[in-house]
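Since the structure comes first, as structure tokens, the remarks are kept for the end.
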Amino acid sequence: MVYRGIFSSDETLIASSSRDRTARIWDVASGQELRQFDGFRCSVKAVAFSPNGQLLAASGNDGMLKIWDVRTGKELKSLVHINSADIDMATYSF
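For the sequence shown, the residue numbers in my numbering are 7 to 100.
This is the structure in structure tokens:
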């Protein structure tokens, strides 16, 4: 089950969050999955691209927030909310 899908700022990519504990990046033109991001213990509820589209943030029911480099797939940061509460919204602010 997919919870959310959002477009990158240039509208060439879609990021999705889902019940299977993954976030994914899709190519809009071809519909092909480009990358899968793992590491959550529970459902991933929210995803957000950085304004320049280079980073992806995802958060889940396990209180975890992860940030990845979209191009390489490398995890850059992992933060855990102190009480492990659900995080069901993600947004970037610069």
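Every residue gets a Cβ at the ideal spot worked out from N, C-alpha and C, and that includes glycine.
Judging by CA-CA distance, which residue of the options is the nearest neighbour of residue i?
| i | options | result |
| --- | --- | --- |
| I12 | R30, E81, G79 | R30 |
| V53 | D16, W74, G37, S36 | W74 |
| D33 | T18, K83, R25 | T18 |
| L61 | G69, E81, M7, Y9 | E81 |
What residues are listed by DSSP as bridge partners for residue i?
| i | result |
| --- | --- |
| S65 | A52, L71 |
Suppose you measure from the CA of residue i to the CA of residue j; what does that come to, to the nearest Å?
| i | j | result |
| --- | --- | --- |
| T28 | R47 | 9 angstroms |
| G66 | S36 | 28 angstroms |
| G59 | R77 | 9 angstroms |
| S22 | V86 | 20 angstroms |
Under a three-way DSSP split, which group does residue i fall into?
| i | result |
| --- | --- |
| V8 | strand |
| F100 | Any reading at F100 is ruled out, since the residue's pLDDT is 49, under 50, leaving its predicted position unreliable. |
| A35 | coil |
| K80 | coil |
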